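>
Residue numbers (my numbering): 153 to 1359.
Laid out in structure tokens, this is it:
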């Protein structure tokens, strides 16, 4: 049997632009290793991770695979046919002149000759179905919609055939084999073996049970061990199969032991039946060091719970709205590896967070007090690239451990533990750790290359990596625990969560479900691909693993992959009480998966699960250079809040690779996710502030870094071009300050009124694309859980209650998320005044694919199908906006400022720019996001991708004790104080944390409603009022989905009856709400039909052609209780003006509209340690604001009753 792909040299020579990176795998047995022969290039068939090369070999100038010289055994290395259902195989053969056959071999003995496939146990003739693939197959596998369909006999024993090596072959009319290939099986596996029962290890009072989903396996054994490494198995237990699930039951004495699976299975990468040894993919915190074995341990056991663990849900800091959230992104080692106030055993690990008075913990307490609500931890699951055994780590001062060599694995376990203790002790005694490395490296000249050389020499064997190379998603990383063996990592992880909760911080975990680190049957870090080869990883149409995420893309379109992701999230939420999730590259996950995950988390309750799902925050982002590769564009992040769930989800919605344009089904890309409540990170404001993008010329300047005002020598064009660029950047930032709302209207630098969606960047993409600053799927929890309560209060009539109870939520795919909307506050209002609601029957045309291009419509008859999600009556799903200027990817904020500013700029001025940038983010509407160290002028020595750059380049020094550190200690202390001041300002007024799009743009038109009105135009008017409760108003709604929340505002105010037609998206529906007459809170004008100017809450004043360069002036107006117009949100301040001066000099700005105000500098800035900001002033008679250089000044107008207190 040939185990290689042979590519003749002439083919390679004809393609001079050919580029490839061969994959090497030292773990391949010698008998199967590949070697270079004289007339061909031979490459391994599988790899150790990470893997970047995929078969077939491709030329960079062509998308066509290289053609094999003749039909040979190499054909079976490809899997170009798909077994999609029990009775259908899809294959892209061009013309079928003769016949096609399916072949199977239980011992993997198939071989290819010109006469066909030999070595088979079974041969089945296929019949072509001329009607093509059925719709359900095309929906599941859209990338093969044009393939031919071949029928299999219905009596075929498919459940046993999938355990064999399989191939199909095509013969011409003369009986000669023209084409042969292997099969991809996920479709038939999903149809025959989808499973929702228990998986993993389960514990009862008398026994321990194991369940493993492995439908293609021929045999499965559990090897039971006493110790985490070494020794022979205590037992080898065969598992019994029932419909693809292998299970066994053992004695209670197994608890505390270790196990691993032996799976005999055909592996398409080797064309052999392989004996694979793998951990349990459903291990939830239970591993030995480096995942060698899985630990039998009951996560619910009392001895694994810190004191007070079961009551932790009641101690979580309350979050009333997503607008109250501020995120602080932190890597576990960055937090404490270089903190000498932390015990040596705890540095760089979970337990560092549990100390009461370490420098890092005191700093987090300060940030929490100032307003940070969530700590976002970079990956904490079991990932590759960092050895769990600390004695194996290398340091600059310790390349190899020679004084205390590791004992042989055959030695007794107790001696291994003793040696490990001595090695760690020696490391501490001889300062062979990160702090010692710092002392060595600090002695080198600051402009020396030696630091980088020393770190590079050990970077693959040290303690540091970001962790975006997952091995097992559901297990805490062992290297962060004091002991990677046994249950220590479980207990310490829980103590970390508990400690952060006690200082007022919720915890978000970084999850990476879009790829896995390894594949194949031999790699020690491969798990899922050993158990069901070819299922968990997404493959291309040739049958090779897709790598567009960077390596080993996963396939959430497959049922059991989706299930594993959702089960994993639930485990983290329930077993570890985490408060949110950040999804890496969410665009490579199916939208359906995200919605199901949201629904599952939403269902969690404190009473049943020990966690309140309504407070879990979920998000995902990708902010620049990937962790392994460096050619992807910066991506978006998304936030979801649905139903009664206050979980925030923000994810990377880039639409690229094999999933682009819904290539593998409707994915969670930016435009697909519209209408589900998923939002995005605001990279527009980042790029406008800093200049350019992470992938453009590094010296391009922006609003903060001196564009036009302090040129750095980069050729931006003429002065006029630079001025236009600065003006455009100002507009982009202004849209960002207003939460990047697509419907927010501002006057741009040309004097034209534009919506946020009409302000363009990135070659024509809109700057404003969010629907709302925070997620607003706010169905009342009690409505979903107890509709009878709402009926008893008169909110729901009998018909609506029946619809609630008869709902079939699974009947509608997840993309049918555009439906009847009501905000839960309105429902509360209705209850208070005994209103009643009737939801009428109607037909609804719903958007199947939501985007800016083709819209595929499907009509549902709700009378017939009863498929209406009445249990999720909610605000129209809106995009969430997360504002940031730096994150773990790309240069730190201080580094990028240093890079882009002129050489002559002083350290003091660069420090001021750093604070100026963070102040803009802190005072935007939406959710501010900060990279750990932004507030401390953190530098990584311009390293823009420090995922493997060690503790030295990634260090954070909360004590600021490094005497050679530049900037100096005084600069950093001032930066920290300024940062906490601006956070305190944010939380001093709800006007900085407006919850809805209406609250920001407030373009509600108030009219005299004493007579019936017609549609009043389409500029800022999106609906109208009527004069009484008996008249039905027809309102032509042509603004699209972003206007949905305005209807809610109308309902909240005083609307009696509304008939809405979404003409823009073909989404007509009838909403009939019976309300008693309510006095309308409206402005009255002299002429009954005269429209009044809408009161806008957020405005910008330095706009139009006469704008002052470098100045942004934003006002936020509040209403007054009992006075028509804007509602009152802030009991203290009635008006706020924020002036952002990016200029290198003190500047003034006057506005007639801001004259006569009783504005004064915010009291926090009046008492600030920053002497510069205290020089800010306001002259009421002229409306003139004077603000120092590179300063953000906040002026507030206290309410009349409080003014004497501020004087």
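Backbone N, C-alpha and C fix where the C-beta goes; we use that ideal spot for every residue, glycine too. It should be emphasised that the depicted structure is a prediction, and the values quoted were computed from it without experimental measurement.
Keeping to the same chain, check which residues put their C-beta closer than 6 Å to that of residue 617; ignore five residues upstream and five downstream.
One-based indexing of the chain shown puts residue 617 at position 465. 537, 538, 1100.
> May I ask you to report which of helix, strand or coil DSSP gives residue 295?
Counted from its first residue, the chain shown places residue 295 at position 143. It is helical.
> Take residue 729 as the anchor and find which of 646, 546, 448 has the nearest alpha-carbon.
Position 577 of the chain shown, counted from the first residue, corresponds to residue 729. Of 646, 546, 448, the residue nearest in Cα terms is 646.
> Would the segment 442-460 and the segment 741-754 be scored as touching if the rule is three or more Cβ pairs under 8 Å?
Fewer than three pairs of CB atoms, one per stretch, sit closer than 8 Å, so the segment 442-460 makes no contact with the segment 741-754.
> Measuring only the C-alpha atoms, how far is residue 970 from residue 755?
The sequence position of residue 970 within the chain shown is 818, counting from 1. The sequence position of residue 755 within the chain shown is 603, counting from 1. Confidence is the limiting factor: at residue 970 the pLDDT is only 26, short of 50, which leaves the residue's position unreliable and the question unanswerable from this model.
> Can you list, in chain order, the residues of its chain with a C-beta nearer than 7 Å to that of residue 596? Leave out the 5 residues immediately preceding and following it.
Along the chain shown, one-based indexing puts residue 596 at 444. So the qualifying residues of the chain are 602, 603.
> Thinking just about the alpha-carbon of each residue, which of 1037, 1058, 1062, 1060 is nearest to the one in residue 1084?
As a working mapping, residue 1084 is identified with position 932 in the chain shown. The shortest C-alpha separation from residue 1084 is found at 1037.
> Looking at the unbroken alpha helix (DSSP H) that takes in residue 1362, where does it start and where does it end?
Outside the shown range of the chain, which is 153 to 1359, sits residue 1362, and nothing can be said about it.
> From 648, 1333, 889, pick the residue whose C-alpha is nearest to that of residue 532; which is it?
Working through the chain shown from its first residue, we reach residue 532 at position 380. Looking at the Cα atoms, 648 is the closest of the given residues.
> Looking at C-beta atoms only, is the number of pairs between the segment 905-914 and the segment 872-887 that lie closer than 8 Å three or more?
yes
> DSSP on residue 427, reduced to helix/strand/coil?
Locating residue 427 in the chain shown gives position 275, counting from the first residue. The three-state secondary structure of residue 427, taken from DSSP, is strand.
> Compute the distance between the beta-carbons of residue 1152 and residue 891, then report whether it is under 8 Å.
The residue labelled residue 1152 in the question sits at position 1000 within the chain shown. The residue labelled residue 891 in the question sits at position 739 within the chain shown. Between residue 1152 and residue 891, the gap from beta carbon to beta carbon is short of 8 Å.
> Does DSSP put residue 1315 in a helix, a strand or coil?
Against the chain shown, residue 1315 aligns to sequence position 1163. Three-state DSSP puts residue 1315 in a helix.
> By how many angstroms is the C-alpha of residue 527 removed from the C-alpha of residue 799?
In the chain shown, residue 799 corresponds to position 647, counting from 1. In the chain shown, residue 527 corresponds to position 375, counting from 1. At residue 799, the pLDDT of 44 sits below 50, so the modelled position is not reliable; the number obtained from the coordinates is stated separately. The alpha-carbon atoms of residue 799 and residue 527 are separated by roughly 14 Å.
> Tell me which residues share the same chain as residue 260 and place their Cβ nearer than 7 Å to its Cβ, disregarding the 5 neighbours each side in the sequence.
As a first step, residue 260 is located in the chain shown; it is residue number 108 there, counting from the start. Closer than 7 Å at Cβ, skipping near neighbours: 317, 418, 423, 424, 425.
> By the DSSP assignment, the beta strand (DSSP E) with residue 534 in it spans what residues?
For the purposes of this step, residue 534 is identified with residue 382 of the chain shown, where counting begins at 1. For residue 534, the enclosing beta strand (DSSP E) begins and ends at 533-535.
> DSSP state of residue 1180, grouped into three classes?
Along the chain shown, read from residue 1 onward, the residue named residue 1180 stands at position 1028. With a pLDDT of only 31 at residue 1180, under the threshold of 50, the placement of this residue in the model should not be trusted; the figure read from the coordinates follows. Of the three classes helix, strand and coil, the one that applies to residue 1180 here is coil, per DSSP.
> Return yes when the Cβ of residue 383 is within less than 8 Å of the Cβ of residue 641, no when it is not.
As a first step, residue 641 must be located in the chain shown, where it is residue number 489. As a first step, residue 383 must be located in the chain shown, where it is residue number 231. In terms of Cβ geometry, residue 641 and residue 383 do not form a close pair [threshold 8 Å].
> Counting along the chain, where does the alpha helix (DSSP H) carrying residue 611 start and finish?
By one-based count along the chain shown, residue 611 stands at place 459. Careful: residue 611 lies outside any alpha helix (DSSP H) and carries neither H nor E.
> Does the distance from the C-beta atom of residue 686 to that of residue 294 stay below 8 Å?
As a working note, residue 686 is residue 534 in the chain shown. As a working note, residue 294 is residue 142 in the chain shown. No, Cβ-Cβ distance for residue 686 and residue 294 is not below 8 Å.
> Enumerate in chain order the residues of its own chain whose CB-to-CB distance from residue 651 is below 6 Å, with the five nearest sequence positions on each side excluded.
As a first step, residue 651 must be located in the chain shown, where it is residue number 499. 505, 506.
> Ends of the beta strand (DSSP E) at residue 389?
Locating residue 389 in the chain shown gives position 237, counting from the first residue. For residue 389, the uninterrupted beta strand (DSSP E) run begins and ends at 387-390, by DSSP.
> In its own chain, which residues sit with a C-beta less than 8 Å from the C-beta of residue 1066, not counting the 5 before and 5 after it?
Counting from 1 along the chain shown, the entry for residue 1066 is found at position 914. So the list reads 1045, 1046, 1049, 1086, 1089, 1127, once near-sequence residues are dropped.
> Please tell me whether residue 1328 and residue 1319 are closer than 8 Å, where the distance is taken between their beta carbons.
The sequence position of residue 1328 within the chain shown is 1176, counting from 1. The sequence position of residue 1319 within the chain shown is 1167, counting from 1. Contact: no.
> By DSSP, does residue 662 sit in helix, in strand, or in coil?
On the chain shown, position 510 is the one that residue 662 refers to. In this structure, residue 662 counts as strand in the three-state DSSP scheme.
> Just the Cα atoms here: how many angstroms apart are residue 662 and residue 626?
Locating residue 662 in the chain shown gives position 510, where the first residue counts as 1. Locating residue 626 in the chain shown gives position 474, where the first residue counts as 1. Cα to Cα, residue 662 sits roughly 12 Å from residue 626.
> Please confirm whether residue 615 and residue 545 have their CB atoms less than 8 Å apart.
Indexing the chain shown from 1 puts residue 615 at position 463. Indexing the chain shown from 1 puts residue 545 at position 393. Contact: yes.
> For residue 1304, tell me which candidate among 1322, 402, 1336, 513 has the shortest Cα-Cα distance.
What you label residue 1304 is simply residue 1152 of the chain shown in a count that begins at 1. The shortest Cα separation from residue 1304 among 1322, 402, 1336, 513 belongs to 1336.
> With a CB to CB cut of under 7 Å and the five nearest residues on each side skipped, what residues in its chain are close to residue 1300?
In the chain shown, counting from the first residue as 1, residue 1300 sits at position 1148. Result list for residue 1300: 1336, 1337, 1338, in chain order.
> If you draw a straight line from the alpha carbon of residue 406 to that of residue 306, how long is it in whole angstroms?
As a working mapping, residue 406 is identified with position 254 in the chain shown. As a working mapping, residue 306 is identified with position 154 in the chain shown. Residue 406 and residue 306: Cα-Cα distance of roughly 44 Å.
> What residues in its chain sit with their C-beta under 6 Å from that of residue 1123, if we drop five residues either side in the sequence?
Residue 1123 sits at position 971 when you count from the first residue of the chain shown. These residues qualify, in order along the chain: 1063.
> From residue 839 to residue 854, what distance separates their C-alpha atoms?
Position 687 of the chain shown holds residue 839. Position 702 of the chain shown holds residue 854. Spanning the two alpha carbons is a distance of roughly 7 Å.
> Report buried or exposed for residue 837, applying the criterion of at least 16 other Cβ atoms within 10 angstroms of its Cβ.
As a first step, residue 837 is located in the chain shown; it is residue number 685 there, counting from the start. So residue 837 counts as buried.
> Just the Cα atoms here: how many angstroms apart are residue 250 and residue 322?
The count along the chain shown starts at 1 and reaches residue 250 at position 98. The count along the chain shown starts at 1 and reaches residue 322 at position 170. Answer to the nearest angstrom: the Cα atoms are 7 Å apart.
> Would residue 292 pass as a contact of residue 709 if the rule is Cβ separation under 8 Å?
As a working note, residue 292 is residue 140 in the chain shown. As a working note, residue 709 is residue 557 in the chain shown. Taking a C-beta distance under 8 Å as the contact criterion, residue 292 and residue 709 qualify as a contact pair.
> DSSP on residue 872, reduced to helix/strand/coil?
On the chain shown, residue 872 is found 720 positions in, with the first residue counted as 1. Of the three classes helix, strand and coil, the one that applies to residue 872 here is helix, per DSSP.
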